[in-house]
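Colleague: If you scroll down you'll find the structure; I have some questions about it.
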Amino acid sequence: MSFFGKRSASSRLRRVARCARGASAVEFAMLLPLFLVLVFGIVVFGAYFTMVHGVQQLAAEAARSSVAGLSEAERVSLAESYITANAGSYPLLQPARLSVSAATSGSDVFVVTVNYDASGNFLLTLPLVPSPPTTIVRSAAIPFGGF
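In this text, residue positions in the sequence shown follow the working numbering: the first is 622, and each later residue adds one.
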């Protein structure tokens, strides 16, 4: 027989079984990865959607500003200058990573296409979350006559 006896060993075992002091730590350890995936997913895709929205807005406003041009060359120049002047006002977009192409499509529609390379953005490389596409391409078309 041990020093503590049979009775005290079984009572200690029951006491350990009833103890819930470590339960919170175990639950936290089980839920932490799920919580991190959820938080990182919100941050990554929120940043991605912010960049997509910014690129779309730049394309749309550049197309609207190109309406004032009389020739295709003037329209292209107006669209490019709009994007150059306003790209810095979008918080997650780096103006150096934007490229613009503008041209007449068909006979009566002017199309502005903005490409953005988001591969350098650290928010899209956070762990635990699948990365969204790093190239964002958005277009806006406006008919001649402005409507």
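Every residue, glycine too, gets a C-beta built ideally from N, C-alpha and C.
In this text, all values refer to a predicted model and were calculated from it rather than measured experimentally.
How many Å lie between Met622 and Arg639 at the Cα?
Modeller: Summary for Met622: the model assigns pLDDT 49, below 50, so the residue's position carries little reliability; its value from the coordinates is reported in the next sentence. If you take the alpha carbons of Met622 and Arg639, they lie about 25 Å apart.
Colleague: May I have the straight-line CA-CA distance separating Thr734 from Phe649, to the nearest angstrom?
Modeller: Spanning the two alpha carbons is a distance of roughly 47 Å.
Colleague: Applying the criterion that 16 or more other CB atoms from any shown protein chain within 10 Å of the CB defines a buried residue, is Leu714 buried or exposed?
Modeller: Classification for Leu714: buried.
Colleague: Relative to the C-alpha of Tyr703, which residue among Leu691, Ser760 and Val721 is closest?
Modeller: Closest option to Tyr703, Cα to Cα, is Val721.
Colleague: What does DSSP give as the partner residue(s) for Arg759 in the beta ladder?
Modeller: DSSP lists Val735 as partners of Arg759.
Colleague: Please give me, in chain order, every unbroken run of the alpha helix (DSSP H) with length at least 4 that falls completely inside the segment 635 to 693.
Modeller: As far as the segment 635 to 693 is concerned, its whole alpha helix (DSSP H) runs of at least 4 residues are 644 to 686.
Colleague: On the three-state DSSP scale, how would you describe Val697?
Modeller: In the structure shown, Val697 sits in a helix (DSSP, three-state: H, G or I).
Colleague: Would DSSP call Ser631 helix, strand or coil?
Modeller: Helix, per DSSP.
Colleague: Measure the C-alpha to C-alpha separation of Thr705 and Phe670 and round it to an integer number of angstroms.
Modeller: Distance between the alpha carbons of Thr705 and Phe670 is about 21 Å.
Colleague: By DSSP, does Ser702 sit in helix, in strand, or in coil?
Modeller: Helix, per DSSP.
Colleague: According to DSSP, simplified to helix, strand and coil, what is Leu749?
Modeller: Leu749: coil per DSSP, three-state reduction.
Colleague: DSSP puts Ala723 in a beta bridge; with which residues?
Modeller: Its beta-bridge partners are Val733.
Colleague: Is the segment 654 to 669 in contact with the segment 727 to 746, if contact means three or more CB pairs nearer than 8 Å?
Modeller: As far as the Cβ criterion goes, the segment 654 to 669 touches the segment 727 to 746, which means the pair count is three or higher.
Colleague: Name the DSSP beta bridge partners of Pro764, please?
Modeller: The partner list for Pro764 (beta bridge, DSSP) reads Val730.
Colleague: Determine the contact status of Ser687 and Val697, defining contact as a CB-CB distance below 9 Å.
Modeller: For Ser687 and Val697, yes; Cβs fall inside 9 Å.
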